[in-house]
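Here the protein sequences come in this chain order: A and B. One rule links them: number in our numbering = place in the first sequence (from 1) + 9. One rule links them: number in our numbering = place in the second sequence (from 1) + 1209. From the three backbone atoms N, C-alpha and C, an ideal C-beta is built for every residue, glycine too. The structure presented is a predicted model; accordingly, all values stated were derived computationally and were not measured.
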Amino acid sequence: MPVIETFELSRQFGDRIAVDNLNISVNAGEIVGLLGPNGAGKTTTIRMLAGMIAPTKGYAVVSGHRTDRNVEKLHETIGLLTETQGFYARLSARRNLEYFANFYQNVNPKIQVEKYLKITGLWDRRNDRVGTFSKGMKQRLALARALLHEPQVIFLDEPTSGLDPEAAGEIRQIIRSLRQAGRTIFLCTHNLYEAELICNRVAVINTRLLALDTVEQLRKRFFRHQIIIRLENLSDGLVSTVKSLPFVKEMLQENDTLILQLNNPENDRTELIRKIIEAGGRVVTVTDRQYPLEDIYLKLVREESGHGP
Amino acid sequence: MVLKRLQNIIIKEWQVLFTDLNSALMITILPLLIVGQGVLYIWLAFRFGGEEMLTTGLFRNAVENFSNVTPQIQHLTEKEQLIVFLLHQFNFFLLLIPIMVAVSVSTFSIVEEKTTGSLEALLATPVHTWELLLGKALSGAIPALIVTWYSAGVYLLAINALGWGHLIGHVTTVTWYLTLFLMTPAVTMLSFMLGVIGSAKAKDAKSAQNLVIVIILPILALIAVQVTGVIWFTPILTAVLALVIVFVDIIVLRIAVNLFHRESILTEWH
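Shown next as structure tokens:
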């Protein structure tokens, strides 16, 4: 059941169109990554979905609430990690969180603050001023702040931006645990590796929606599946035999390696290996060519902006 | 819930305010300087000008007007009437304290949250705009009011110390109490609401301060009117004026809420 749905969601600033006719649907318990170049409308989309700014056309429904109406009710049910961390530097971590927790109904600030300071690994530093925290610690604290009221839908705007690999890994670990707890997460990021690692589906936008699917499906849609076979004794005869097989669509030879496209990779793969062995070939490795999300993303964005593949 | 949120905002603002030495000194020391300065001027004026001040048209007319509206001082000597007249000026001079505190404190209230980015996180909570603005105004107005009242107490002690204790009864009139406990709270809230509006509309703290100084000028006009004796504030006039300002406070809060565009704040600040 969708917990985030947009209907021709659009936003214009003066003459500039920031988001154009966005139609997306996110199911409960999913992590969806929102990808796009700078100025593609990612933050504007998140802000509209979180009820921070209103659309100029269309609308969105999050957790059953229209995001352009009665935003205070909407804010009771969603969590938002903003792009800037925004804390009161002279106050302690605990005091900062208590302040934000006190705005929610049915939240016991003391219990919730302790719970999330422990989850984010900041309990030992709870009485320290936030001004003394590293960027990674502040980001963990910001994530704790977004979760204090146990929202079922969480919007994360660049959660690991500017963090070192260790700190980014810690944030990703917390996001994974949220998915395991059944939360729905809408994640805006420039980090394609991260998106591929933790998202169930990704949406690529460049003002308008270019694609929304699982990384695997996008891979299938934009790149043909290739099998790479390295052999110990690649001869011309063996090359001819493989090329003549009816299910081999295309084949390339690079030194002792064959790069193949099959009609039906899942079904034909075993038969292919059997035929190679029967023809006297000694197989060293068989691998699938994995196109990274980056290739898919660049293909989409370049095609959209007319720069070609 | 509303009270809980207001209390939450006020306490947080105080914690932020009083952990900053400059702001803490501004609230606690500045009012005492204003009181000291006021008492010193009155003492110097009387010490070196004395009864000769009554030879000037401005003062003579002002003291005569004052004497006419406060017949209870007519049995005093001219010299004592002049002292009581000068001491009375401080009544409205006290209004300067919350105004100055408002300019220095409230102007930072929203601007600082914009620049640190905490405002976006705050606006993502279920807080209503009016709760946020009222909470911020109250958080500055309450200490400003307390400090104004203790300054009034210090002022009375200073009068006694200067040997004019027998005239205190002529200073602490009904108008004095109405000014202190009705007019001052109303003006304090107005100053802070205007300060918060300036802070919400300004691009930085400096321009917020400039904006606030301009919009609180009409309040300063009250003091000028009183000092020059153009209008003498009787108890009824003081009460009516204070009630008008309370009404203006409510209107200004509504204006502040309408002027506080969440979208502009989020999209125009980076």
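Using beta carbons (cut-off 8 Å, strictly below), is residue 1316 of chain B in contact with chain A?
Here residue 1316 of chain B is taken as the residue at index 107 of the second sequence, counted from 1. Cβ-Cβ to chain A under 8 Å: no for residue 1316 of chain B.
Hey, how far is the Cα of residue 15 of chain A from the Cα of residue 58 of chain A?
Position 6 of the first sequence, counted from the start, is the residue given in the question as residue 15 of chain A. Position 49 of the first sequence, counted from the start, is the residue given in the question as residue 58 of chain A. The straight-line gap separating the alpha-carbon atoms of residue 15 of chain A and residue 58 of chain A is approximately 8 Å.
How would you list, in chain order, the residues of chain A whose beta-carbon sits under 8 Å from the beta-carbon of residue 1204 of chain B?
Any answer about residue 1204 of chain B is impossible in this case: the structure gives chain B only from 1210 up to 1479.
Contact list for residue 256 of chain A against chain B, beta-carbon separation under 8 Å
Here residue 256 of chain A refers to the residue found at position 247 of the first sequence. Listed along chain B is no residue with a C-beta nearer than 8 Å to that of residue 256 of chain A; the closest approach is about 55 Å.
In its own chain, which residues sit with a C-beta less than 8 Å from the C-beta of residue 318 of chain A, not counting the 5 before and 5 after it?
By one-based count along the first sequence, residue 318 of chain A stands at place 309. In this prediction, residue 318 of chain A scores a pLDDT of 47, lower than 50, which makes its location untrustworthy; no coordinate-derived value is stated.
Cutoff 6 Å; reference residue 243 of chain A; Cβ partners in own chain excluding five residues on either side:
The residue you call residue 243 of chain A lines up with position 234 of the first sequence. By the criterion of a C-beta distance shorter than 6 Å, residue 243 of chain A is surrounded in its chain by 265, once the five residues flanking it on both sides are discounted.
Taking the alpha carbon of residue 288 of chain A as the point to measure from, which residue in A:254, A:67 and A:305 has its own alpha carbon closest?
Taking the first residue of the first sequence as 1, we reach residue 288 of chain A at position 279. When only C-alpha atoms are compared, the closest one is A:254.
By how many angstroms is the C-alpha of residue 143 of chain A removed from the C-alpha of residue 302 of chain A?
Locating residue 302 of chain A in the first sequence gives position 293, counting from the first residue. Locating residue 143 of chain A in the first sequence gives position 134, counting from the first residue. So the two alpha carbons sit approximately 30 Å from each other.
I'd like the ranges of any alpha helix (DSSP H) spanning at least 4 consecutive residues and lying wholly in the stretch 175 to 256 of chain A.
With a minimum length of 4 residues, the continuous alpha helix (DSSP H) runs that stay inside the stretch 175 to 256 of chain A are 201 to 207, 224 to 231 and 245 to 253.
By a C-beta neighbour count over all protein chains shown, 10 Å radius and 16 as the cutoff for buried, is residue 1413 of chain B buried or exposed?
Within the second sequence, residue 1413 of chain B is the residue found at index 204, counting from 1. Around the beta carbon of residue 1413 of chain B, a 10 Å sphere encloses fewer than 16 other beta carbons of the protein chains shown; the residue is thus reported as exposed.
What three-state label does DSSP hand residue 124 of chain A in the structure shown?
Reading the first sequence from its first residue, position 115 is the one you call residue 124 of chain A. Looking at residue 124 of chain A - three-state DSSP - the assignment turns out to be helix.
Could you name the residues of chain A that residue 1210 of chain B contacts, counting a contact when the two beta carbons are closer than 8 Å?
Within the second sequence, residue 1210 of chain B is the residue found at index 1, counting from 1. Using a Cβ-Cβ cut-off of 8 Å, residue 1210 of chain B is close to 114 of chain A, given in chain order.
Could I get the ranges of all uninterrupted beta strand (DSSP E) runs contained in the stretch 36 to 76 of chain A, with 3 residues as the minimum, in chain order?
Those beta strand (DSSP E) runs which fall completely within the stretch 36 to 76 of chain A and span 3+ residues are 40 to 44 and 66 to 71.
N-terminal and C-terminal residue of the alpha helix (DSSP H) that residue 1456 of chain B is part of
Counted from its first residue, the second sequence places residue 1456 of chain B at position 247. 1444 to 1468 is the extent of the alpha helix (DSSP H) around residue 1456 of chain B.
Leaving out five residues before and five after residue 1223 of chain B in sequence, what residues of the same chain have Cβ atoms less than 7 Å from its Cβ?
Taking the second sequence and counting its residues from 1, the one referred to as residue 1223 of chain B is at position 14. Residues 1348 of the same chain have their beta carbon placed closer than 7 Å to that of residue 1223 of chain B, with the five preceding and five following residues left out of the count.
Using DSSP bridges, identify the partner residues of residue 269 of chain A.
Residue 269 of chain A sits at position 260 when you count from the first residue of the first sequence. Answer is A:236 and A:260.
Output the distance between the C-alpha atoms of residue 118 of chain A and residue 150 of chain A, rounded to the nearest integer angstrom.
Mapped onto the first sequence, residue 118 of chain A falls at position 109. Mapped onto the first sequence, residue 150 of chain A falls at position 141. The alpha-carbon of residue 118 of chain A is positioned some 15 Å away from that of residue 150 of chain A.
Taking beta-carbon pairs under 9 Å, can you tell me which members of the stretch 45 to 65 of chain A lie near chain B?
Of all residues in the stretch 45 to 65 of chain A, 53, 56, 59, 60, 61, 62 and 63 have a Cβ within less than 9 Å of some Cβ in chain B.
Using alpha carbons as the reference points, say which of A:296, A:305 and A:236 lies closest to residue 272 of chain A.
Position 263 of the first sequence, counted from the first residue, corresponds to residue 272 of chain A. Ranking the options by Cα distance to residue 272 of chain A, first place goes to A:236.
Decide yes or no for the touch test of the stretch 1214 to 1228 of chain B against the stretch 213 to 222 of chain A: beta carbon pairs closer than 8 Å, at least 3 of them.
With a cut-off of 8 Å on Cβ pairs, the stretch 1214 to 1228 of chain B is not in contact with the stretch 213 to 222 of chain A, counting fewer than three such pairs.
8 Å is my cut-off, CB to CB: does residue 77 of chain A come that close to chain B?
The residue you call residue 77 of chain A lines up with position 68 of the first sequence. Not closer than 8 Å to any Cβ of chain B, the Cβ of residue 77 of chain A fails to qualify, so no.
Measure the beta-carbon distance from residue 1218 of chain B to residue 1341 of chain B and round it to whole angstroms, keeping in mind my assumption that it falls under 8 Å.
Here the question's residue 1218 of chain B lines up with position 9 in the second sequence. Here the question's residue 1341 of chain B lines up with position 132 in the second sequence. With a Cβ gap of about 7 Å, residue 1218 of chain B and residue 1341 of chain B count as contacting.
Interface residues of chain A around residue 1327 of chain B at Cβ under 7 Å?
On the second sequence, position 118 is the one that residue 1327 of chain B refers to. Here the neighbours are 95, 96 and 97.
I want to know whether the stretch 1348 to 1358 of chain B touches the stretch 123 to 135 of chain A - three or more CB-CB distances under 8 Å.
No: the two stretches stay apart, fewer than three of their Cβ pairs being nearer than 8 Å.
For the stretch 1332 to 1344 of chain B, enumerate the residues whose C-beta is nearer than 8 Å to any C-beta of chain A, in chain order.
Against chain A - using a Cβ distance shorter than 8 Å - the residues of the stretch 1332 to 1344 of chain B are 1332, 1333, 1334, 1335, 1336 and 1337.
If the cut is a Cβ gap below 8 Å, which residues of chain A does residue 1228 of chain B touch?
Indexing the second sequence from 1 puts residue 1228 of chain B at position 19. Ordered by position in chain A, the residues that pass the 8 Å Cβ test against residue 1228 of chain B are 99 and 100.
Say whether the stretch 193 to 203 of chain A touches the stretch 28 to 47 of chain A, bearing in mind that this needs 3 or more beta-carbon pairs closer than 8 Å, one atom from each stretch.
Contact between the stretch 193 to 203 of chain A and the stretch 28 to 47 of chain A is present, because at least three Cβ pairs lie under 8 Å.
Could you work out which residues of chain B lie near residue 104 of chain A, taking near to mean beta carbons separated by less than 9 Å?
Position 95 of the first sequence, counted from the start, is the residue given in the question as residue 104 of chain A. Result: 1221 and 1224.
Would residue 110 of chain A be called buried (16 or more neighbouring beta carbons within 10 Å of its own) or exposed?
Position 101 of the first sequence, counted from the start, is the residue given in the question as residue 110 of chain A. With a threshold of 16 other beta carbon atoms within 10 Å, residue 110 of chain A meets it and is buried.
Taking CB distances under 8 Å as the criterion, tell me whether residue 22 of chain A reaches chain B.
Translated into positions along the first sequence, residue 22 of chain A becomes position 13. Yes, residue 22 of chain A lies at the interface with chain B (some Cβ there is under 8 Å from its Cβ).
Proximity test, Cβ basis, 8 Å: residue 1233 of chain B and chain A:
Within the second sequence, residue 1233 of chain B is the residue found at index 24, counting from 1. No, because no Cβ of chain A sits closer than 8 Å to the Cβ of residue 1233 of chain B.
Segments of 4+ residues assigned as alpha helix (DSSP H) that fall wholly inside the stretch 1308 to 1349 of chain B:
Those alpha helix (DSSP H) runs which fall completely within the stretch 1308 to 1349 of chain B and span 4+ residues are 1327 to 1332.
Same chain, Cβ closer than 6 Å to residue 1379 of chain B, neighbours up to 5 away in sequence not counted
On the second sequence, position 170 is the one that residue 1379 of chain B refers to. Only 1282 and 1293 meet the Cβ criterion.
Would you say residue 1462 of chain B and residue 1410 of chain B are within 8 Å of each other, going by their C-beta atoms?
The residue labelled residue 1462 of chain B in the question sits at position 253 within the second sequence. The residue labelled residue 1410 of chain B in the question sits at position 201 within the second sequence. No, Cβ-Cβ distance for residue 1462 of chain B and residue 1410 of chain B is not below 8 Å.
Is it true that the stretch 78 to 92 of chain A meets the stretch 155 to 174 of chain A, where meeting means three or more beta-carbon pairs spaced less than 8 Å apart?
Three or more Cβ pairs closer than 8 Å define a contact, and the stretch 78 to 92 of chain A meets that threshold against the stretch 155 to 174 of chain A.
Can you give me the C-alpha to C-alpha distance between residue 184 of chain A and residue 70 of chain A, rounded to a whole angstrom?
Taking the first sequence and counting its residues from 1, one reaches residue 184 of chain A at position 175. Taking the first sequence and counting its residues from 1, one reaches residue 70 of chain A at position 61. Straight-line Cα distance between these residues: approximately 23 Å.
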